[in-house]
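K.L.:
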Amino acid sequence: MQVKTLNKKLSLSQSPYEVYQRLSNNGQKSHTALLETAEAGTHNYQKSILMLSAAVKISAMNRKVIMQALNPNGEAFLKAFDTQHIPSKEISKGNSVISFCISKQELCVDEKQRLLQQSILTVLKEVTRQLQTDSVHDNATSFLIGAFSFDLVDQFEVVPQINKQDEDLCFYLADQLLIQSVDSQTASIVVKGFADYAENTIRLGLNLSHLNELLDAPVSELMVSHVANSIAVNTTDDEYAEMVASAKRHIIDGDVFQVVLSRTYAVDCANALDSYRVLRKNNPSPYMYFINFGDKQLFGASPESALKVDINQEISLYPIAGTRRRAVGNGSFDYEKDSKIELELIQDEKENAEHMMLVDLARNDLARIIKTGTRRISKLKQVVKYSHVMHLVSEVKGALKSEMDCFDAYRACANMGTLTGAPKIKACEIIRQLENKPRGLYGGAVALVNANLEFDSAIIIRSAVVKDDIAYISAGAGIVYDSNPELEAQETYNKAKAVIDACLSSNQNLTEVLEYSLSKESVA
Numbered sequence: 010m011q012v013k014t015l016n017k018k019l020s021l022s023q024s025p026y027e028v029y030q031r032l033s034n035n036g037q038k039s040h041t042a043l044l045e046t047a048e049a050g051t052h053n054y055q056k057s058i059l060m061l062s063a064a065v066k067i068s069a070m071n072r073k074v075i076m077q078a079l080n081p082n083g084e085a086f087l088k089a090f091d092t093q094h095i096p097s098k099e100i101s102k103g104n105s106v107i108s109f110c111i112s113k114q115e116l117c118v119d120e121k122q123r124l125l126q127q128s129i130l131t132v133l134k135e136v137t138r139q140l141q142t143d144s145v146h147d148n149a150t151s152f153l154i155g156a157f158s159f160d161l162v163d164q165f166e167v168v169p170q171i172n173k174q175d176e177d178l179c180f181y182l183a184d185q186l187l188i189q190s191v192d193s194q195t196a197s198i199v200v201k202g203f204a205d206y207a208e209n210t211i212r213l214g215l216n217l218s219h220l221n222e223l224l225d226a227p228v229s230e231l232m233v234s235h236v237a238n239s240i241a242v243n244t245t246d247d248e249y250a251e252m253v254a255s256a257k258r259h260i261i262d263g264d265v266f267q268v269v270l271s272r273t274y275a276v277d278c279a280n281a282l283d284s285y286r287v288l289r290k291n292n293p294s295p296y297m298y299f300i301n302f303g304d305k306q307l308f309g310a311s312p313e314s315a316l317k318v319d320i321n322q323e324i325s326l327y328p329i330a331g332t333r334r335r336a337v338g339n340g341s342f343d344y345e346k347d348s349k350i351e352l353e354l355i356q357d358e359k360e361n362a363e364h365m366m367l368v369d370l371a372r373n374d375l376a377r378i379i380k381t382g383t384r385r386i387s388k389l390k391q392v393v394k395y396s397h398v399m400h401l402v403s404e405v406k407g408a409l410k411s412e413m414d415c416f417d418a419y420r421a422c423a424n425m426g427t428l429t430g431a432p433k434i435k436a437c438e439i440i441r442q443l444e445n446k447p448r449g450l451y452g453g454a455v456a457l458v459n460a461n462l463e464f465d466s467a468i469i470i471r472s473a474v475v476k477d478d479i480a481y482i483s484a485g486a487g488i489v490y491d492s493n494p495e496l497e498a499q500e501t502y503n504k505a506k507a508v509i510d511a512c513l514s515s516n517q518n519l520t521e522v523l524e525y526s527l528s529k530e531s532v533a
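Put into C-alpha cells, the structure is as follows:
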C-alpha cells in the first residue's frame with residue numbers, strides 16, 4: 010500500500026496540554042488523543058504526541074472486528090486493505106466499513122504454536138504490516154493509537170465468560186499528528202495519506218495552515234448547567250472484606266499465591282479534560298494520556314509500563330508492587346515522615362515477597378518469547394515516588410524471538426501480573442468470580458505502535474473512564490495469605506485518590522465559573 014508522509018515544523022509557545030485543549034475543543038472532539046510523558050514524580054515533561062485526526066477506527070469484541078473509515082483518507086485505506094491473511098469466516102467489505110468474524114482457533118498444547126495462533130490481534134498485525142514502507146523514518150510516525158481492555162484475555166485463555174459491555178480493543182490509524190518535544194519551542198506536524206489518497210497529503214497539510222489562528226484564539230468555555238460532587242463505590246468495605254476472605258481461601262487451598270481484587274469509584278466529572286489537567290499537574294507520571302473514543306473518554310497518569318518493544322526488538326517489563334501512602338496532609342508535606350515511610354516500605358517482608366513474586370512472574374512471561382540467554386533484571390526494587398503514593402519498581406529485559414512481534418509479546422504477557430496476581434490465569438478466574446463484572450479498560454493497556462513495530466504501552470491504572478459526565482475510577486489491592494481486609498480496602502482508595510481528587514478539583518473550578526456566570530447574569 011502506498012503511504013505518503015508530509016512533515017511540517019511549527020513554532021509553539023504553549024504546552025502540549027494547551028495545544029490539545031484548543032485543537033480538540035476542550036477534549037470534546039471525538040477520535041483524538043493526547044499522549045505525554047514525564048519523569049516520575051517531577052514536572053520534567055518530555056515528549057508528547059497529539060492525534061488530531063484519525064483515518065480509521067479499529068474495534069473488536071470477542072471475535073468480531075470492525076474497521077471503520079472516519080474520513081476519505083480512511084476510505085482509501087480500507088479500499089486498498091488486503092484481507093487475504095486474516096482468518097475470517099465472515100467478511101463484509103464496503104466503502105467505509107470492513108467487518109470480520111475471526112475464525113475460532115483450536116486449543117493448542119504447544120506454547121509457541123499457541124502464541125502464534127491467529128486472533129483479533131491479527132488485524133492490527135496486518136494494518137502495521139501494510140503500512141510499512143522502505144523509509145524507517147516515515148514508518149516511525151505511522152501510528153496505531155488506542156487501548157486493550159483487561160477482558161481481552163478471554164480471547165486467548167480459558168476463563169469464565171462474562172457479559173462484556175465494552176470492546177476488547179479500540180485503536181485508531183492516525184493521519185494528522187502533532188509531535189512536540191517539551192524542551193523546545195517547535196513541533197512537527199505529521200500528515201499521512203494512504204493508497205489512492207496518498208498524493209492528497211499536500212492538501213491535507215494545507216488544511217492545517219490555520220493552526221496558528223486556532224492556537225492564538227481564546228479557549229472556549231465548556232458550558233455546564235450543574236456540577237455535583239457525589240462519590241459512590243460499587244463494593245462496600247464489608248463486601249470487599251468478604252471478597253478478600255474468599256481470595257484467602259483460594260490461597261490456603263493452593264490455587265494462587267496472590268490475587269488482585271479491585272472495586273470501582275464513581276465521581277461526577279463534568280469536564281474530563283480539565284480533570285486530566287489537574288491529574289497531570291499533581292501526579293506527573295511516565296505515562297499520561299487522554300483519549301476521546303467518541304462514546305467515552307479515557308484519561309490517566311499511569312506509573313507502570315505494560316510492555317515495551319524497541320526498534321531493535323528488545324522487550325521490557327516493569328513490575329510494580331509494594332505501595333505506601335506518602336506523608337501528605339492538610340496541604341503540607343512531612344519530608345522526615347516520608348523518609349521513614351520509604352524505609353518501612355523497603356524493609357517490609359510482605360511487600361518484598363509480593364514484589365519478588367511479580368518479578369519472577371515477569372521473568373517467566375519473557376522466557377516464553379525471548380531468545381535464550383538474553384533475559385536479565387536491569388533494575389530491582391527501586392523506590393519511585395508519586396504525588397500520593399510510592400512504589401517498589403523493577404525492570405526485566407530480553408531480546409524478542411525473531412519469529413514473534415510486539416503483538417505476540419503483548420498476548421504472551423497480558424494481563425500484567427500486578428493487575429491479576431499469580432498464577433495469572435487462575436487469578437483471572439477468581440477475579441471474574443469475585444468481582445462478577447467485566448473490568449473493561451481498567452487493568453488493560455493504552456498502547457502506541459508504529460510501522461517499525463516499536464511498541465510502548467501503559468497499564469491503565471490511576472485512570473478514569475468517563476461516560477455521561479461520570480468518571481469511573483477502578484483500583485485494586487494484591488491479596489496474599491496475611492492480607493488485612495481493612496488495609497487492602499484502604500489501599501484501593503489510596504490508589505484511586507489522585508484521580509478522585511482531580512475530578513473533584515475540576516468540579517470545584519467549574520462550580521466557581523458557573524456561579525460567577527450566574528452572578529453576572531443576575532446583575533445584568
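Going by this note's numbering, the first residue of the sequence shown is number 10, and it counts up by one from there. Ideal Cβ placement from N, Cα and C applies to all residues, glycine included.
Entirely within the region 172-203 and at least 3 residues each: give me those beta strand (DSSP E) ranges in chain order.
P.N.:
Counting only runs of 3 or more, we get 178-190 and 195-203.
K.L.:
Count the other CB atoms, across all protein chains shown, that sit within 10 Å of the CB of residue 195; report buried if there are 16 or more and exposed otherwise.
P.N.:
On the sequence shown, position 186 is the one that residue 195 refers to. The residue is exposed, with fewer than 16 neighbouring Cβ atoms inside 10 Å.
K.L.:
Among 366, 109 and 301, whose alpha-carbon lies nearest the alpha-carbon of residue 62?
P.N.:
The residue labelled residue 62 in the question sits at position 53 within the sequence shown. The shortest C-alpha separation from residue 62 is found at 301.
K.L.:
Whole angstroms is fine: what's the gap from residue 160's alpha carbon to residue 427's?
P.N.:
Residue mapping note: residue 160 aligns to position 151 of the sequence shown, counting from 1. Residue mapping note: residue 427 aligns to position 418 of the sequence shown, counting from 1. So the two alpha carbons sit approximately 15 Å from each other.
K.L.:
Could you spell out where the alpha helix (DSSP H) holding residue 255 opens and where it closes?
P.N.:
Here residue 255 refers to the residue found at position 246 of the sequence shown. Segment 246-261, the alpha helix (DSSP H) holding residue 255.
K.L.:
Quick one: any contact between the region 426-443 and the region 351-367, if contact means 3 or more CB pairs under 8 Å?
P.N.:
In short, these stretches touch, since the Cβ pair count reaches three.
K.L.:
Any idea if residue 306 is buried or exposed, counting beta-carbon neighbours within 10 angstroms, 16 or more meaning buried?
P.N.:
For the purposes of this step, residue 306 is taken as the residue at position 297 of the sequence shown. Flag for residue 306 reads buried.
K.L.:
Pop quiz: residue 399 and residue 335 are said to be a contact at Cβ under 8 Å. What is the actual Cβ separation, rounded to whole angstroms?
P.N.:
Numbered from its first residue, the sequence shown carries residue 399 at position 390. Numbered from its first residue, the sequence shown carries residue 335 at position 326. Indeed, because the Cβ distance is near 6 Å, the residues count as touching under 8 Å.
K.L.:
Give the list of continuous alpha helix (DSSP H) stretches no shorter than 4 residues that lie fully inside the region 354-392.
P.N.:
Qualifying alpha helix (DSSP H) stretches, in chain order: 358-376.
K.L.:
Which first and last residues belong to the alpha helix (DSSP H) in which residue 87 is found?
P.N.:
For the purposes of this step, residue 87 is identified with residue 78 of the sequence shown, where counting begins at 1. Per DSSP, residue 87 belongs to the alpha helix (DSSP H) from 81-89.
K.L.:
Short of 7 Å in beta carbon distance, which residues of its chain neighbour residue 85, apart from the five on each side in sequence? Order them along the chain.
P.N.:
Looking up residue 85 in the sequence shown gives position 76. Around residue 85: 203, 204, 205 and 206.
K.L.:
Which of helix, strand or coil does DSSP assign to residue 156?
P.N.:
Your numbering for residue 156 matches position 147 in the sequence shown. If DSSP states are grouped into helix, strand and coil, residue 156 belongs with the strands.
K.L.:
Considering residue 12, what are the terminal residues of the alpha helix (DSSP H) in which it resides?
P.N.:
Translated into positions along the sequence shown, residue 12 becomes position 3. Segment 12-20 is the beta strand (DSSP E) holding residue 12; no alpha helix (DSSP H) there.
K.L.:
Could you pull the DSSP bridge partners for residue 301 from this structure?
P.N.:
Along the sequence shown, read from residue 1 onward, the residue named residue 301 stands at position 292. DSSP output for residue 301 lists 41 and 306 as bridge partner(s).
K.L.:
Where DSSP assigns a beta bridge to residue 274, which residues make up the other side?
P.N.:
The residue given as residue 274 occupies position 265 in the sequence shown. Beta-bridge pairing links residue 274 to 242 and 482.
K.L.:
Tell me, please, which residues DSSP counts as bridged to residue 399.
P.N.:
What you label residue 399 is simply residue 390 of the sequence shown in a count that begins at 1. According to DSSP, residue 399 bridges with 333 and 394.
K.L.:
Using 8 Å as the cut-off, can you tell me whether the region 486-504 makes contact with the region 449-464, which would need three or more C-beta pairs spanning the two stretches below that distance?
P.N.:
At 8 Å Cβ cutoff, the stretches do not touch.
K.L.:
Over the uninterrupted alpha helix (DSSP H) stretch that includes residue 136, give me the two end residues.
P.N.:
Position 127 of the sequence shown, counted from the start, is the residue given in the question as residue 136. Element bounds for residue 136: 130-140.
K.L.:
Measure the C-alpha to C-alpha separation of residue 35 and residue 466 and round it to an integer number of angstroms.
P.N.:
Residue mapping note: residue 35 aligns to position 26 of the sequence shown, counting from 1. Residue mapping note: residue 466 aligns to position 457 of the sequence shown, counting from 1. If you take the alpha carbons of residue 35 and residue 466, they lie about 25 Å apart.
K.L.:
Starting from the C-beta of residue 10, find all residues in its chain whose C-beta is less than 6 Å away, skip the five residues before and the five after it, and write them out in chain order.
P.N.:
Within the sequence shown, the letter at position 1 stands for residue 10. Here the set comprises 89, 139 and 204.
K.L.:
Pop quiz: residue 332 and residue 444 are said to be a contact at Cβ under 8 Å. What is the actual Cβ separation, rounded to whole angstroms?
P.N.:
Here residue 332 refers to the residue found at position 323 of the sequence shown. Here residue 444 refers to the residue found at position 435 of the sequence shown. Residue 332 to residue 444, Cβ: 20 Å. No contact.
K.L.:
Determine, using beta-carbon pairs with one atom in the region 407-419 and one in the region 309-327, whether at least three such pairs fall under 8 Å.
P.N.:
As far as the Cβ criterion goes, the region 407-419 touches the region 309-327, which means the pair count is three or higher.
K.L.:
Decide if the region 108-116 is in contact with the region 217-227; the criterion is three or more beta carbon pairs, one per stretch, under 8 Å apart.
P.N.:
Verdict: no, contact absent.
K.L.:
Counting only the same chain and skipping the five closest in sequence on each side, list residues whose C-beta sits under 8 Å from that of residue 93.
P.N.:
Taking the first residue of the sequence shown as 1, we reach residue 93 at position 84. Excluding residues within five positions, none has a Cβ falling inside 8 Å.
K.L.:
Check whether the region 471-481 and the region 341-358 touch, using three or more Cβ-Cβ pairs below 8 Å as the test.
P.N.:
Not touching, per the Cβ criterion.
K.L.:
Quick test of your reading: residue 186 and residue 136, contact by CB under 8 Å. State the CB separation rounded to the nearest angstrom.
P.N.:
Here residue 186 refers to the residue found at position 177 when the sequence shown is read from its first residue. Here residue 136 refers to the residue found at position 127 when the sequence shown is read from its first residue. Not a contact, Cβ separation roughly 16 Å.
K.L.:
Going by other Cβ atoms of all chains shown within 10 Å of its Cβ, with 16 needed for buried, is residue 527 buried or exposed?
P.N.:
Working through the sequence shown from its first residue, we reach residue 527 at position 518. Residue placement at residue 527 cannot be trusted, given a pLDDT of 38 that sits under 50; what the coordinates show is reported in the next sentence. With fewer than 16 other Cβ atoms within 10 Å, it is exposed.
K.L.:
Spell out a yes or no on whether the region 506-518 and the region 277-293 are touching, meaning 3 or more CB-CB pairs, one atom from each, closer than 8 Å.
P.N.:
The region 506-518 vs the region 277-293: in contact.
K.L.:
In whole angstroms, what separates the C-alpha of residue 104 from that of residue 82?
P.N.:
As a first step, residue 104 must be located in the sequence shown, where it is residue number 95. As a first step, residue 82 must be located in the sequence shown, where it is residue number 73. The alpha-carbon atoms of residue 104 and residue 82 are separated by roughly 11 Å.
K.L.:
Can you tell me which residues form a DSSP beta bridge with residue 464?
P.N.:
Translated into positions along the sequence shown, residue 464 becomes position 455. 318 and 458, per the DSSP bridge assignment.
K.L.:
Distance, Cα to Cα, residue 498 vs residue 250?
P.N.:
Sequence index remark: in the sequence shown, residue 498 carries index 489 (1-based). Sequence index remark: in the sequence shown, residue 250 carries index 241 (1-based). Computed Cα separation, rounded: 7 Å.
K.L.:
Nearest to residue 18 by alpha carbon, out of 121, 271, 189 and 38?
P.N.:
Residue numbering aside, residue 18 sits at position 9 when the sequence shown is read from its first letter. Of the candidates 121, 271, 189 and 38, the one whose C-alpha sits nearest the C-alpha of residue 18 is 189.
K.L.:
With a 10 Å radius around its C-beta and 16 neighbouring C-beta atoms as the bar for buried, classify residue 420 as buried or exposed.
P.N.:
Within the sequence shown, residue 420 is the residue found at index 411, counting from 1. Buried: at least 16 other Cβ atoms inside 10 Å.
K.L.:
Return helix, strand or coil for residue 149, following the three-state DSSP convention.
P.N.:
Here residue 149 corresponds to residue number 140 of the sequence shown, with the count starting at 1. Residue state, collapsed to three classes: coil.
K.L.:
Compute the beta-carbon to beta-carbon distance between residue 154 and residue 457, rounded to the nearest angstrom, for a pair I have assumed lies under 8 Å.
P.N.:
Here residue 154 refers to the residue found at position 145 when the sequence shown is read from its first residue. Here residue 457 refers to the residue found at position 448 when the sequence shown is read from its first residue. Their Cβ separation, rounded to whole angstroms, is 6 Å, which keeps residue 154 and residue 457 in contact under 8 Å.
K.L.:
Can you have a look at residue 507 and say buried or exposed, based on whether 16 or more other CB atoms are within 10 angstroms of its CB?
P.N.:
For the purposes of this step, residue 507 is identified with residue 498 of the sequence shown, where counting begins at 1. Answer is buried; the Cβ neighbour count reaches 16.
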